[in-house]
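Using my numbering, the first residue of the sequence shown is number 1, and each one after it goes up by one.
Glycine residues also receive a C-beta, built at the ideal position from the N, C-alpha and C atoms.
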Amino acid sequence: MTVSTPTTEDGRTGLHRIRTEPGRALLAFDFDGTLAPIVADPRDSRAHPGAVAALSALAVHVGRIAVVTGRPAGVAVEYGGLDAVPGLVVLGQYGRERWEDGRLTVPPAPAGVAEVRDALPGMLQDLGAPEGTWVEDKDHAIAVHTRRAADPEAALDLLRAPLADLAERAGLAVEPGRMVIELRPHGMDKGAALTALVGEVGAASVLYAGDDLGDLPAFAAVEELRATGIEGTKVCSGSTEVAELAERADLVVDGPDGLVDFLVELAGALDA
């Protein structure tokens, strides 16, 4: 069965290793924009209708399937129906949380998050944040969304510097995304989470698929792992909003629809 072909030699090598030695492969995915379409309100996000079936079909062949997301791990499992995927690991909050076999492990939230939580309402009011700006409290991180504002880009520009200042005072890092700015603890990123999981499962190859700026560290991790002999393929769930990821990808697919098609193709090839 034909599988979509990466445009880079490294990407093709990585995918070939996955196909020829699937039992030692780790396949990891972002959630929003990758396994789930982007929606105006993240609370309405749900997995693509074909995502769970495609992941389940792959799970019987590959060493491990993982989801690495900025969302709380339990929320991603609930919104995605991911508990139906055999052997799945979900690393939430950029790797701070872990869900596996129905068990959720969550460390204490950093103090700086509480400081931001208390300061944000007054700050947004003082700035005159436009209608449609809203705050998502992730317990271990705070995200400010502007997608529902009349001019999302202008709203994001208004908030960018003040949020960076607030993050610095609270000892947090700033993570930009698609019409969102997230304030979260330092040391939380998808690259570190992915690298640790590769080592844990003893993977010989890794595929990572994402759609946003927060996925760049995971792409960088794949590139670094290649230098250690672990083959890797970077897949971008393409969008018109974020070009940086597509430029680094070995394969670009057409959003969650295209990613699910690719996963179905890959599962079919492994079945064969």
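So, for residue i: in the same chain, excluding its five sequence neighbours on each side, which residues have a beta-carbon less than 7 angstroms away from its beta-carbon?
i, result
"G81", "A47 and V52"
"L124", "T133"
"D254", "G238"
"E247", "none"
"D139", "P72 and A109"
"G11", "T233, K234, D250 and L251"
If you reduce the DSSP assignment to three classes, tell me which class residue i lands in.
i, result
"K234", "strand"
"I18", "helix"
"E9", "helix"
"R98", "strand"
"E168", "helix"
"V116", "helix"
"A47", "coil"
"L88", "coil"
"R103", "strand"
"A220", "helix"
"G81", "coil"
"F31", "coil"
"R248", "helix"
"G128", "coil"
"R64", "strand"
"V3", "coil"
"T243", "It is Ala, not Thr, that sits at residue 243 in the sequence shown. Of the three classes helix, strand and coil, the one that applies to A243 here is coil, per DSSP."
"A36", "strand"
"G255", "helix"
"G210", "strand"
"A272", "coil"
"A25", "strand"
"P110", "coil"
"R71", "coil"
"G122", "helix"
"D41", "coil"
Going by alpha carbons, who is nearest to residue i out of the options?
i, options, result
"T228", "V198, G132 and D139", "V198"
"G171", "V39, A54, R24 and M188", "M188"
"H145", "L35, E200, R178 and P185", "R178"
"L26", "V62, E136 and A161", "V62"
"E244", "P176, L194, I230 and E224", "P176"
"A73", "P49, Q93 and A59", "Q93"
"P107", "R96, V113 and E100", "R96"
"A192", "P162, E223 and R148", "E223"
"V180", "T195, R160 and V235", "R160"
"A203", "D10, E9 and G14", "G14"
"S4", "D151, C236 and E247", "C236"
"T195", "L259, R226 and D44", "R226"
"D126", "G102, P162 and D151", "P162"
"A209", "L251, R71, E78 and H186", "L251"
"A275", "E265, L213, I230 and D261", "As displayed, the chain neither begins before 1 nor continues past 272, which places residue 275 out of reach and without an answer."
"R43", "D137, W99, D10 and A111", "D137"
"A114", "P185, A150 and A154", "P185"
"E21", "E231, A111, G258 and L104", "E231"
"R98", "A111, G112 and G70", "G70"
"Y79", "V174, L104 and S45", "S45"
By Cβ distance below 6 angstroms, which residues in the same chain neighbour residue i in space, the five residues on each side in sequence not counted?
i, result
"L55", "I65 and V85"
"L156", "T146"
"P37", "P256"
"R148", "A40 and G132"
"A220", "G191"
"G50", "V260"
"E153", "none"
Go through its chain and collect everything with a Cβ distance to residue i's Cβ below 8 angstroms, but skip five positions before and after it.
i, result
"V116", "I142, L166, A167, A170, L172 and L183"
"V135", "L120, P121, L124, I142, A143, V144 and H145"
How many whole angstroms separate the CB atoms of residue i and residue j, which I take to be in contact at a CB cut-off of 8 angstroms?
i, j, result
"A269", "R19", "6 angstroms"
"A28", "V75", "Not really, about 18 angstroms apart at Cβ, beyond 8 angstroms."
"V77", "D83", "6 angstroms"
"A129", "L158", "7 angstroms"
"L263", "L58", "6 angstroms"
"D211", "D30", "6 angstroms"
"L259", "T34", "6 angstroms"
**Q.** Segments of 3+ residues assigned as beta strand (DSSP E) that fall wholly inside the region 133–205
**A.** 134–137, 142–145, 172–177 and 180–185
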